[in-house]
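Asker:
Residue numbers (this note's numbering): 6 to 325.
#1: What number of angstroms, rounded off, separates the C-alpha of residue 7 from the C-alpha of residue 22?
#2: Would you decide whether residue 183 is buried or exposed? Buried here means 16 or more other CB atoms lie within 10 Å of its CB.
#3: Taking the alpha carbon of residue 100 as the point to measure from, which residue in 262, 303 and 157 has its own alpha carbon closest?
#4: I need the straight-line Cα distance from residue 95 to residue 254, nearest angstrom please.
#5: List, from N- to C-terminal side, the alpha helix (DSSP H) runs of 4 residues or more that fit wholly inside the segment 170-216.
#6: Would residue 251 pass as a contact of residue 309 if the rule is Cβ separation under 9 Å?
#7: I need the straight-line Cα distance from residue 162 to residue 175, nearest angstrom please.
#8: What does DSSP give as the partner residue(s) for residue 78 in the beta ladder?
#9: Looking only at its chain, what residues have a beta carbon closer than 8 Å to the beta carbon of residue 131, apart from the 5 residues adjacent to it on each side?
#10: Below 8 Å on the Cβ atoms is my contact criterion, and I expect residue 192 with residue 153 to pass it. Report the Cβ-Cβ distance as a whole number of Å.
#11: Would a check of beta-carbon distances place residue 280 closer than 9 Å to chain C?
#12: Check whether the segment 266-275 touches the segment 142-151, counting contact only when three or more Cβ pairs, one atom from each stretch, lie closer than 8 Å.
#13: Run the CB neighbour count on residue 129, radius 10 Å, all protein chains shown included, and call it buried at 16 or more, exposed below.
#14: Taking 9 Å as the cut-off, decide whether the C-beta atoms of residue 256 and residue 196 are in contact.
#15: Evaluate residue 185 with the Cβ neighbour count: other Cβ atoms within 10 Å of its Cβ, from every protein chain shown; 16 or more gives buried, anything less gives exposed.
#16: Rounded to whole angstroms, what's the CA-CA distance from residue 296 to residue 306? Just pull it up for me.
#17: Should residue 93 be labelled buried (16 or more other beta-carbon atoms within 10 Å of its own) or exposed?
#18: Just verifying my parser: in three-state terms, what is the DSSP assignment at residue 290?
#19: Counting C-beta neighbours from all protein chains within 10 Å, is the total for residue 5 16 or more, i.e. buried, or is it exposed?
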């Protein structure tokens, strides 16, 4: 009897499936595009991770390459050991410090901006401000650094010229470690806060308007509504994005640090991405590059799983 009931239920589900697909097939067709992208550019290249444990040979396929050896003995972790030198630890430290500073100053910026935009009464002004704030996101870091040179260069920069006109000394925004870090973080916040606020504005739009009406009846002002209605409504979104940011603690982009670094600030500007480019890719040491990349991915995954587990224990939804 149970088998018959299960078969009937299965048939019922099967009958309902096709009308559903007939109605919504366009949505699944659109979903197919990112799935193909992930499969081709994210999952298929994973087979080349094995290069980290082999001696790279240009004339051999990934599977034909010999396993890494040291003095004739099998040593599959050879390139991991080679990568772990003083320069790598310096790049690792810089990566963590810069990412944490980005997180500390850059993560709250789009939330605060979204909250302010939500309180603006004039729609035309709100849209104008949004458009202006989004624009830096579409500029490459080469262009942004060119603008930074024009503004902050020690000798001919516009900002330093104004400072010198007041009788003060020029500030080395781009060629002294501490000032460079402030400039690096500031430009990062400026470039991303407008674009990052889109998600939070979408979350605010999904909050039930009746909650604001109830708060008004209770005599709550704008700040109280923001604190007791808007922010709690955004809590799950904030937690998910924070977890994803923590997962990329050893990742980070290549273009931003590479475009902004110079020989005077390499002690704080060299990150893992630029270290891999200079010591691995430019030197044709692909096994070394892959080993460092695999290390980044594993550590990032540990941070992601840890942050997600903590958020679940604290009662939040997490990523999954």
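The beta-carbon is built from N, C-alpha and C at its ideal position, and this holds for glycine as well.
Answerer: The short version:
#1: Reading the chain shown from its first residue, position 2 is the one you call residue 7. Reading the chain shown from its first residue, position 17 is the one you call residue 22. Bear in mind that a pLDDT of 47 at residue 7, under 50, signals an unreliable position, so the model cannot answer this.
#2: Here residue 183 refers to the residue found at position 178 when the chain shown is read from its first residue. So residue 183 ends up on the exposed side.
#3: Sequence index remark: in the chain shown, residue 100 carries index 95 (1-based). Residue 262 is the option with its Cα nearest to residue 100.
#4: Here residue 95 refers to the residue found at position 90 of the chain shown. Here residue 254 refers to the residue found at position 249 of the chain shown. So the two alpha carbons sit approximately 15 Å from each other.
#5: 182-210
#6: Numbered from its first residue, the chain shown carries residue 251 at position 246. Numbered from its first residue, the chain shown carries residue 309 at position 304. Yes. Within cutoff.
#7: Counting from 1 along the chain shown, the entry for residue 162 is found at position 157. Counting from 1 along the chain shown, the entry for residue 175 is found at position 170. If you take the alpha carbons of residue 162 and residue 175, they lie about 9 Å apart.
#8: Position 73 of the chain shown holds residue 78. Answer by DSSP bridge pairing, in chain order: 75.
#9: Taking the first residue of the chain shown as position 1, residue 131 is located at position 126. Taken in chain order, the residues that qualify are 122 and 125.
#10: On the chain shown, residue 192 is found 187 positions in, with the first residue counted as 1. On the chain shown, residue 153 is found 148 positions in, with the first residue counted as 1. Indeed they touch by this definition, with Cβ atoms about 6 Å apart.
#11: Looking at the structure shown, chain C is missing, and only one protein chain is on hand.
#12: no
#13: Locating residue 129 in the chain shown gives position 124, where the first residue counts as 1. Exposed, since its Cβ has fewer than 16 Cβ neighbours within 10 Å.
#14: In the chain shown, the residue the question calls residue 256 occupies position 251. In the chain shown, the residue the question calls residue 196 occupies position 191. No. Outside cutoff.
#15: As a working note, residue 185 is residue 180 in the chain shown. So residue 185 ends up on the buried side.
#16: Along the chain shown, one-based indexing puts residue 296 at 291. Along the chain shown, one-based indexing puts residue 306 at 301. So the two alpha carbons sit approximately 15 Å from each other.
#17: Locating residue 93 in the chain shown gives position 88, where the first residue counts as 1. With 16 or more other Cβ atoms within 10 Å, it is buried.
#18: Position 285 of the chain shown, counted from the start, is the residue given in the question as residue 290. If DSSP states are grouped into helix, strand and coil, residue 290 belongs with coil.
#19: Since the first residue shown for the chain is 6 and the last is 325, residue 5 is missing from the structure and cannot be characterised.
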